[in-house]
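A.B. asks:
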Amino acid sequence: MEEPLALHPVKLYVYDVSKGMARRLSPLMLGKSTAGAPALPLPAPPPPPHTSIIVHKDEFFFGSAGISSCAPGGTILGPPDSVIDLGNTEVTEEIFLEYLSSLGESTFR
Numbered sequence: 005m006e007e008p009l010a011l012h013p014v015k016l017y018v019y020d021v022s023k024g025m026a027r028r029l030s031p032l033m034l035g036k037s038t039a040g041a042p043a044l045p046l047p048a049p050p051p052p053p054h055t056s057i058i059v060h061k062d063e064f065f066f067g068s069a070g071i072s073s074c075a076p077g078g079t080i081l082g083p084p085d086s087v088i089d090l091g092n093t094e095v096t097e098e099i100f101l102e103y104l105s106s107l108g109e110s111t112f113r
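Right under this line is the structure:
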């Protein structure tokens with residue numbers, strides 16, 4: 005009888021790199037809030053949030069040095085603004101790290 009594969013929780017950490025400035029300044033810069041903004045040609049929107057993946061008890065993110073990792077919440081951004089549960093994966097830590105390493109050597113340097 006086959007043993008079931010272990011499930012590993014996966015979470016998405018979302019950081020507001022503007023620390024709320026984009027939300028507070030959008031009414032001044034755009035004349036209206038970015039929340040529910042119509043699909044009109046407007047000035048450039050605020051930068052997208054920084055995100056990272058938490059899996060196998062580490063936080064993985066893409067930065068100026070490529071793919072990096074740290075303890076969850078250990079980036080220079082501090083604790084995340086929101087956490088989204090993405091479910092579980094059966095991918096082992098060994099396979100996951102091997103995959104990230106291959107990306108770091110090719111696509112994401």
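Just so we're aligned: 72 in my numbering is position 68 of the sequence shown, and the numbers increase by one with no gaps anywhere. Quick reminder that beta carbons are idealized off the backbone N, C-alpha and C, glycines included. Just so it is clear, the structure is predicted and the values come from calculations on it, not from any experiment.
Please report how far the alpha carbon of residue 57 lies from the alpha carbon of residue 75, in whole angstroms.
C.D. replies: The straight-line gap from Cα to Cα measures roughly 11 Å.
A.B. asks: May I have the straight-line CA-CA distance separating residue 55 from residue 21, to the nearest angstrom?
C.D. replies: 10 Å
A.B. asks: How is residue 99 classed by DSSP in three states: helix, strand or coil?
C.D. replies: Of the three classes helix, strand and coil, the one that applies to residue 99 here is helix, per DSSP.
A.B. asks: Residue 14 and residue 91 - do their beta-carbons sit closer together than 8 Å?
C.D. replies: Contact flag set, yes.
A.B. asks: Which term fits residue 94, buried or exposed, when burial requires 16 or more other beta carbons within 10 angstroms of its beta carbon?
C.D. replies: exposed
A.B. asks: Tell me, please, which residues DSSP counts as bridged to residue 55.
C.D. replies: 18
A.B. asks: Using the three-state DSSP reduction, which class does residue 108 fall into: helix, strand or coil?
C.D. replies: Reduced to three states, the DSSP call for residue 108 is helix.
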